[in-house]
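Q:
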Amino acid sequence: SGSAGARSAKLVPSTNAGEVEANLSGTATAALGYRAKMAIKYPKKAKVGKKLKITVTVTNTGTGTLNGAAPKYTAKQGKTGKTKDSKRLALPNIAAGKQIRKTITVNLRKSRFKKSGKKSLVQKITLTRQGTQLAARSGTTRLDFGQAKIRRPRDVSNS
216 SGSAGARSAK LVPSTNAGEV EANLSGTATA ALGYRAKMAI KYPKKAKVGK
266 KLKITVTVTN TGTGTLNGAA PKYTAKQGKT GKTKDSKRLA LPNIAAGKQI
316 RKTITVNLRK SRFKKSGKKS LVQKITLTRQ GTQLAARSGT TRLDFGQAKI
366 RRPRDVSNS
């Protein structure tokens, strides 16, 4: 018990008046562990009908290798809207103290978004490993639907 770190013990059997006594010796170290930290970078504004790129950076700040981690991306129009997009990425093993940067590309199809709805895209990225959530981040991107086409009247003058 006590703080983390190496422990020492030694096993030395001896007899004392017919009883066997044993002293234990050896060294134990704390198990290697991983610790995930995640950051996302997303644009403040995006045009509907174009592609949106989100950069995810996963850092292992622990002492062991982080393997089997998978970020999941979900996006909704407004806070309460239906899910508009969902993607899952696979990450390679991340050694202690290292980081991996991945880019998620999302196609903002016009057919998926309502012009009359909220003008924001709420994005959430959750990093999980074997069903356990390690980190989560979210952000909002303002949606630009573009201007409506203006029809100019024809010039019908004869001059």
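Quick note on this note's numbering: the sequence shown kicks off at 216 and runs consecutively.
Quick reminder that beta carbons are idealized off the backbone N, C-alpha and C, glycines included.
As the structure is a prediction and not an experimental result, all values here were calculated from the model.
With a floor of 3 residues, list each beta strand (DSSP E) that falls wholly inside the segment 233 to 293, ordered by position along the chain.
A: Segments of the beta strand (DSSP E) lying fully in the segment 233 to 293: 234 to 238, 251 to 256, 260 to 262, 266 to 275 and 284 to 292.
Q: In terms of alpha-carbon separation, which member of Val273, Gln338 and Asp359 lies closest to serine 353?
A: The residue you call residue 353 lines up with position 138 of the sequence shown. Checking every option, the nearest Cα to that of serine 353 belongs to Gln338.
Q: Please classify lysine 292 as buried or exposed, where buried requires at least 16 neighbouring CB atoms within 10 angstroms.
A: Position 77 of the sequence shown holds residue 292. Correcting the residue type first, residue 292 is glutamine in the shown sequence and not lysine. Its Cβ being crowded by 16 or more others within 10 Å, glutamine 292 is buried.
Q: Helix, strand or coil: how does DSSP classify lysine 325 here?
A: Here residue 325 is taken as the residue at index 110 of the sequence shown, counted from 1. Lysine 325 falls in the helix class under three-state DSSP.
Q: Hey, lysine 313 and asparagine 275: beta-carbon distance below 8 Å or not?
A: Numbered from its first residue, the sequence shown carries residue 313 at position 98. Numbered from its first residue, the sequence shown carries residue 275 at position 60. Contact: yes.
Q: Hey, quick one: how far does the beta strand (DSSP E) through valine 337 stretch, first residue to last?
A: Within the sequence shown, residue 337 is the residue found at index 122, counting from 1. That run of the beta strand (DSSP E) goes 335 to 344.
Q: Answer with buried or exposed for proline 286, where buried requires no fewer than 16 other C-beta atoms within 10 angstroms of its C-beta.
A: The residue you call residue 286 lines up with position 71 of the sequence shown. Burial call: buried.
Q: Let me know the secondary structure DSSP gives serine 216 once reduced to three states.
A: Numbered from its first residue, the sequence shown carries residue 216 at position 1. Note that serine 216 scores 47 on pLDDT, short of 50, meaning its location in the model is unreliable; the coordinates nonetheless yield the value given after this. In the structure shown, serine 216 sits in coil (DSSP, three-state: anything other than H, G, I, E or B).
Q: Using only CA atoms, which one of Ala351, Asn322 and Thr343 lies nearest to lysine 262?
A: Locating residue 262 in the sequence shown gives position 47, counting from the first residue. Comparing Cα-Cα distances from lysine 262 to each of Ala351, Asn322 and Thr343, the minimum goes to Asn322.
Q: Under the three-state reduction of DSSP, which class applies to threonine 295: helix, strand or coil?
A: For the purposes of this step, residue 295 is identified with residue 80 of the sequence shown, where counting begins at 1. Reduced to three states, the DSSP call for threonine 295 is coil.
Q: Using 8 Å as the threshold, is the C-beta distance between valine 235 and alanine 251 below it?
A: Mapped onto the sequence shown, residue 235 falls at position 20. Mapped onto the sequence shown, residue 251 falls at position 36. Going by C-beta atoms, valine 235 is not nearer than 8 Å to alanine 251.
Q: Rounding to the nearest angstrom, what Cα-Cα distance links alanine 375 and alanine 284 in this structure?
A: Given a span of 216 to 374 for the chain in the structure shown, any question on residue 375 remains unanswerable.
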